[in-house]
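Everything below concerns the one structure shown next.
Chains as they are written, first to last, in our numbering: chain A, -3 to 134; chain B, -3 to 134; chain C, -3 to 134.
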């Protein structure tokens, strides 16, 4: 069986992080499925999804590493194409990836106690993000 | 239901990028399934899959960051083992990862308008890559 | 159909790598399913999963790049929160990601001959890791 749940999250620009674990927990609960996998997918090429201990320090540390890897104020060939300023966003989002798949059994996701599912905005401006949670199970 | 589709893509060496979105779109269409997930997996340890706005600038920006992270001409312990020259390929491919899972509903993949599925060759020589698209749905 | 298999792996601290391919191969075999996907998920926010040619040189090369990206002895805001010393672990694990999905068909995983599934410990101390292998197929 397949159950699709779409959610919208408003973000405030590059580095803005959202704990979306509860969206996934409630999608699993509403699906009434006992076991399977939940795929979390962010629509668009300038945001990404991963897991982290969701506290401001760890999120800031991750953002600092991304700033070193792909500085926001750096020069990007992507900027030459459209006059955009978000070359750093595309690089960061492609590296981290738009999707994550988490198993669940007996209606419970296999997350650790200090492991949350995070949407990380990479774009340089606020966005409304669509998060698709796709549950496949039985 | 599960539907498997295998595809072959010829690549031209490190940094060569291919938009494989159409392979996944047509695999979903041929599966006749209405909703589910499509897993895109590249066979081998020196290539990777992600999503990106597939235009030459953004792809070049991503490759430049990989070249800074794991320079092609750098020294790698992997080279000592086999006399290979592709230590940078292994590091880059492991970082980006070989697989991506994309939901679909009403026969339509949940991709953004500017979000394509990309195969990124990391090896230092041309390869024939096998891409497995595995559709699981109903 | 869904089959869940949980495994425990004892690790020796940051950079310790384990080839967990056989766990996944045997979970597929025991599931008796012919085709589908196997999701490999590590519970916790300081370890990660990817594929690599599992030989000590390639693993060391990857760890060296992580040490450059997020040095173990660096300063992390995460340390200020709990007095932890594993800020580098959180950054590395979030970047690489906790999960991987591999297709299988005719009971055989779609891995290359030199492509193994690796658990990479990122934490600064030994851990007992739970690896969930979730098989969804038919």
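For every residue, glycine included, the Cβ atom is placed at its ideal position computed from N, Cα and C.
Of the residues the options, the one placed nearest residue i, counting alpha carbons only
{"i": "residue 18 of chain C", "options": "C:30, C:113 and C:128", "result": "C:113"}
{"i": "residue 2 of chain B", "options": "C:107, C:74 and C:40", "result": "C:107"}
{"i": "residue 88 of chain C", "options": "A:33, A:47 and A:73", "result": "A:47"}
{"i": "residue 70 of chain A", "options": "B:45, B:134 and B:61", "result": "B:61"}
{"i": "residue 51 of chain B", "options": "A:93, A:51, A:75 and A:59", "result": "A:75"}
Per-residue burial, residue i [other beta carbons within 10 Å of its own, 16 or more giving buried]
{"i": "residue 67 of chain C", "result": "exposed"}
{"i": "residue 23 of chain A", "result": "buried"}
{"i": "residue 79 of chain C", "result": "exposed"}
Same chain, Cβ closer than 7 Å to residue i, neighbours up to 5 away in sequence not counted
{"i": "residue 119 of chain A", "result": "9, 10, 42, 43, 82 and 85"}
{"i": "residue 12 of chain B", "result": "117"}
Nonlocal neighbours in the same chain, by C-beta distance under 6 Å from residue i, ignoring five residues either side
{"i": "residue 6 of chain A", "result": "124"}
{"i": "residue 14 of chain C", "result": "5 and 115"}
{"i": "residue 121 of chain A", "result": "9"}
{"i": "residue 59 of chain C", "result": "11"}
Beta-carbon gap between residue i and residue j smaller than 7 Å
{"i": "residue 132 of chain B", "j": "residue 33 of chain C", "result": "yes"}
{"i": "residue 31 of chain C", "j": "residue 101 of chain C", "result": "yes"}
{"i": "residue 56 of chain C", "j": "residue 73 of chain B", "result": "yes"}
{"i": "residue 110 of chain A", "j": "residue 49 of chain A", "result": "yes"}
{"i": "residue 27 of chain C", "j": "residue -2 of chain C", "result": "no"}
Close beta carbons around residue i, own chain, < 8 Å, minus the five adjacent residues each side
{"i": "residue 65 of chain C", "result": "87, 88 and 91"}
{"i": "residue 20 of chain A", "result": "34, 36, 98, 105, 113 and 129"}
{"i": "residue 25 of chain C", "result": "103"}
{"i": "residue 93 of chain B", "result": "44, 45 and 46"}
{"i": "residue 134 of chain A", "result": "-3, 29, 30, 31 and 32"}
Any non-hydrogen atom of the ligand MG within 6 Å of residue i CB
{"i": "residue 74 of chain C", "result": "In the structure shown, the ligand MG is absent, as is every other ligand, since no ligand is present at all."}
**OP:** Would you check if the segment 24 to 39 of chain C and the segment 90 to 99 of chain A touch, i.e. whether three or more CB-CB distances between them fall below 8 Å?
**Re:** yes
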